[in-house]
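Per the working numbering, residue 2 is the first one in the sequence shown, and the count goes up by one each step. All C-beta atoms, glycine included, are put in the ideal place defined by N, C-alpha and C. Predicted model, so just to flag it, every value in this text is computed and none were measured. In what follows, a single structure is set out as structure tokens and then discussed.
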Amino acid sequence: MQLRRLELQAIGPFSGTEFIDFDALGQAGLFLLEGPTGSGKSTIIDAIVFALYGSVAGGADSTNERLRSHHVGNNVESYVDLVFSLESGTYRVRRTPQFLKEGNKTPTAATAKLWRLSETALDLNELESAQVLATRARETGIEITRLIGLNRDQFVQTIVLPQGKFADFLRLDSASRTALLSKIFDMSSFGQIADWLRENARESQKRVAQAQQEFARAASNTATALGLETTARQELSETATGVVLPEEAKTVLAELETYTKSAQETADATAQAATQAEQVAAAATAKQREAETLAELLGRREQLLTRKAELAATSPRMAELSEQITQARKANRLATAAQAARTWQENLETAQQEFRKHKLPTGFDLATALAQTDTAPTQTSTAPTQTGTAPTQTDTAAVATGPENPATGAPTSTNGTAPSAAAPTPAPTPPFYDPEQALAHRAQALAAGEKRLRELDELSGHLRELAATEASLQDSVAAQKRDEESLQALQTRAAALAAKAQQHETELAATTEEKHAQETAASAEPELATRVDKAMREHKLATETAELTKLLQNQEAQLADCVQASAAADKHSQEVSQRWRDSIAGELATQLVVGEPCQVCGSVEHPHPASPSPQGATRAEADAAAQVATQARAELAKAEAAQQNTRARITEKQAEIGELTPATAAATLQAAQEALATARQARQTAQTLATKITTLQANIADLQTETQSLAAQSSQLQGAMENRELSIAAARQKIGGQLAGYESIHARQEATTQVRNSQKTWNQALQTVADTAHTSQQREAELAAELAASPFASGTEVLKHALEETELAKLETELENYRVETSEVTKALASPEIAQLAGQEAPDLAEIRQATQTAEAALRQARAQATSAANTHKQGSAEYARTQAQYDAWLSARGDAAPMLRLAGIANAGTESLTRIPLETYAVQRRFEQIVAVANERLLNISLGRYELVRTDEKERGTHQVKTGLGLEVIDHSATGDVVRSTRTLSGGETFYVSISLALGLADVVRAENGGIHLDTLLIDEGFGSLSEDALDQVMAVLNNLTDGGRAVGVVSHVSEMRSMIQNRLTVLPREDGSSTLKVYA
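Structure follows, in structure tokens:
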């Protein structure tokens, strides 16, 4: 894995936006991340780990709350944007921590997004042109873990080594180190295997116990099934429940086998007794059956003799019934013809009665028609009518409007001329109508009626043609009226369109003029935009100059204080130094010892030692005063440099803006921005007006097109109206001569239709009478022919003897049943089993039945005893077999459970384990031994062969297990021999390079464990200040070796000596407000 670039904002002490190009920073292989303590060096590592995994590198002793910068406002977004490369490609991840925005009560949730980048996009800084892989925080974390192949704990032990984690890992006790390595290497699968084995062993033990319980339950069930006495059953059940080993159960099985054999012997004896009882009961049942058969035959004989006498008594009636059936069969053959003749006679009478109900149709002169045949009866005919009296004038009176005259098609008047069209004259009263005349001369009456109907049909056809013309005339008049209204509407619409077009023309001219004015105002926009840019820059420079001026004033005051403080410190240092020099003789004199040489002259005699000066000073006081003076001079130099830097910046900015003040610059900027806004508004207004002009032009064109269309429609409509007016005049002339006094052809047509329908109904009724009379005559002739060959004199006699087929069949069935029953009774009395009886035989059924019941009761008892014994033996044998099967299952369960119990004991450090080490701990030990071996390669190099790590076993107090076995000790290969030391005896520097060796060893093993992940970037955050000069050189050599193969190694430290050793640096610079910023030296 290789870190490529990092961008962060409002993270920790970094209030602004910071950018780190790791590609450039790591070109030399080794780079330094430096800065004062607490300035934010570790925050860079926290930001990287947070970007990848959503949490900081510190782990349990740190929280994500430290990510949000306290140097920015509540609405400034905090984010980390990291680009990194793997063998599978280049990726970008962006995360924001949770924070509370201003005005909100609920914190804004953390976000994350992951992309895959191409190298081209990275080179062109087109970071948004990428494939999105995840858009949620949880999905992003899962996907990054899958891509990198390391979880967070593994990452901070392999790629990012946070501050303090080196020594922590070295100083952990055995149990804590086991837990950490198990988490890093994900040894949970071994623990899961051990748990699975333990759980399955527990289940196996349950199955063995269950099998033993099933055996005991089966033995108890067998005792119950065999029907043992309560005491024996309880003793056997208690014995079976108390067995522990399968061998102890054999006694129970033997006892149950004895009881089972005894049950079988009892079942055999009761079965034999039941067989004997069945034989006795069978003989008694056979004797009873014979006696019951004899009694039944005697009863049957008595019933047959009684029925024979009853049948003989009904013999005369059956003879009469036979004669009635014969006559009915003959009459039924003629009944159809007789009934048909009667039915048609009735139909004829009904048809005549119906005809008599019809009045003579209006305008139909039946009397004249019959008179023309020279056979018509006189008007005073006395033929009967429907009511039996002569017809009245009311029956034949014409309707008030009179009938149509077939000759002229006009209503008939009294003098034979057509009445005026305004009021038709009623027809005269015709002669009296006698329906019996028409019935008597129905042929002539039908001919006259059909002739009259044909005349009315001809007139109806002529009127239909005129009615069509009349309807067309009405439609034309209505259409003419509608067209007149449409023409008026077209003319009104044309006038409105002309007015609207004139309005649009006026508005178009005004809009065009306004558009030209707005375009002229908008043409100044480019020049005004340039003026705004210039004014904004000048305003910024003026504001910065004013701020620098205030800063310069503060710096000048501070500089004056530093000058005064430096002068005072120099003066004090000179005074203290002089007093120290003046008091050196007295100080040396206090150190003289009699008999020992003087340090100055070498004499052992000291006759006149100098006395200490009361105004003197010590060397330490002189050195302290000199150091204070040096510090004051440094502060003075720093203040002078700051003042000169500020003055130079003010001069540089004033060279560009002159004497321009922030207020003047702000006013100029505001005026320029207002002018630019006005120009831009003019450009937008001109665009809006252009759209409006286009719309008006289109509207005018549409109005012109519609006006032309309306003119064409008006011309076409006027021509159509003129042609229709000619057609209307011709239709009115054609209809006017055919009204015949009616208001319309339609009214005349309806009157004619009524007359025609009346004539047609009258004709049909008379025709029905003629057809029915003809059919009735035919049926009478047919009946007469059939009566001539029969014993019957008339059709009435035939119908008297005839019977319905169902009634006839009923009588025949009765006669047949009598004959069959008589035959069956005679046959039954003649059967051998009844004919041999004299009627005196009488068996004692009560005694015989009692004997049978006694035998059957004995049989039931014997069978019950046999069944009970058989069931006891059957159930007992089945339960005994089940007990044997449960015994075998118990043996099998014990055999199956043995391997699982042993494996579970070994995996969980039970009594079966020789090492007493759990499986997960054993796997961690092997990994830890690899880590120690790899760490020793670097440790021997750094310590020049002196130190070597070795794993030890630690016993947990109060147990017999070697719980972890991941203790660490150091072998000190000193000149006097090898000494095994505790890691807690190492000095600060020794602890550091032993820890870094162990951490790098852990990183190498984790990398190998995860498929040989390439670690192209390594960040180490540790206290290098505890190293001696030689140890620091050795550590730097190891770090330089880590850069082989193109790996970039970043070292986090504030040790000044490392600046000279590492060329590329990323420096964290504190600001006066407590925030920090970054500067890259590469």
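Beta bridge counterpart(s) of residue i as assigned by DSSP
i       : result
Thr109  : Phe100
Thr986  : BP columns for Thr986 are empty, so no partner.
Leu83   : Leu7 and Val94
Val1050 : Leu31 and Leu1019
Ala135  : Leu115
Ser1077 : Phe15 and Pro1071
Tyr1082 : Arg1066
Val161  : Leu1020
Ser975  : Gly978
Arg952  : Leu969
Ile21   : Leu7
Of the listed residues the options, nearest to residue i (C-alpha basis)
i       : options                             : result
Tyr80   : Leu830, Ser16 and His747            : Ser16
Glu1    : Thr992, Lys875 and Gln765           : Residue 1 cannot be examined here, being either before or after the span of the chain that is shown, 2 to 1083.
Glu508  : Asn909, Gln698 and Glu787           : Gln698
Ala480  : Thr521, Leu718, Ala332 and Arg334   : Leu718
Leu1020 : Ala626, Val1050, Thr242 and Met1037 : Val1050
Ala52   : Leu299, Thr807 and Thr141           : Thr141
Leu1040 : Ala523, Ala11 and Ile943            : Ile943
Glu857  : Gly104, Val281 and Asn126           : Val281
Ser998  : Leu1043, Gln235 and Ser759          : Leu1043
Ala870  : Glu576, Thr922 and Thr267           : Thr267
Leu950  : Gly989, Pro919 and Gly1002          : Gly1002
Glu723  : Leu704, Leu488, Gly74 and Ala618    : Leu488
Ile1101 : Arg147, Thr1068 and Arg749          : Summary: the structure shown does not reach residue 1101, with the chain confined to residues 2 through 1083, and so no result is reported for it.
Beta-carbon proximity check, residue i vs residue j, cutoff 9 Å
i       : j       : result
Arg1004 : Thr159  : Contrary to the premise, residue 1004 reads as Ala rather than Arg in this sequence. In contact: Ala1004 and Thr159 (Cβ atoms closer than 9 Å).
Gln554  : Ala643  : no
Ala339  : Ala803  : yes
Ala829  : Ile835  : yes
Val1052 : Phe32   : yes
Phe100  : Arg67   : no
Phe85   : Leu26   : no
Arg172  : Thr986  : no
Arg650  : Phe186  : no
Pro608  : Ala590  : no
Ala217  : Val244  : yes
Val50   : Phe191  : no
Ala886  : Val209  : no
Leu816  : Ile326  : yes
Ala771  : Leu447  : yes
Ala278  : Arg864  : yes
Thr1    : Ala111  : Nothing in the structure corresponds to residue 1, since the chain is present only between 2 and 1083.
Leu349  : Trp763  : no
Ala329  : Leu809  : yes
Gly36   : Leu1070 : yes
Arg483  : Leu711  : no
Neighbourhood of residue i by C-beta distance below 6 Å, restricted to the same chain and skipping five residues each side
i       : result
Glu8    : Phe20 and Asp82
Met1062 : Met1037
Leu306  : none
Ala272  : Ala867
Close-in-space but distant-in-sequence residues of the same chain around residue i (CB under 8 Å, 5 per side omitted)
i      : result
Gly946 : His974
Arg199 : Ala905, Ala908 and Asn909
Gly877 : Thr223, Ala226, Leu227, Gly228, Tyr260, Thr261 and Ala264
Close Cβ partners of residue i (< 7 Å) along its chain, the five nearest in sequence each way excluded
i       : result
Ala676  : Leu529
Val1006 : Arg928, Gln931, Ile932 and Val935
Glu657  : Leu542
Glu48   : Correcting the residue identity first, residue 48 is Ala in this sequence and not Glu. So the list reads Leu7, Leu9, Ile12 and Val81, once near-sequence residues are dropped.
Ala439  : Leu367, Ala446 and Leu767
Thr179  : Thr922, Val925, Thr965 and Leu967
Which ranges would you report for the alpha helix (DSSP H) in the stretch 215-281 if only whole runs of at least 4 residues count? 231-243
For the stretch 746-800, which segments carrying the alpha helix (DSSP H) assignment without a break, of at least 4 residues, lie completely within its bounds, in sequence order? 746-788
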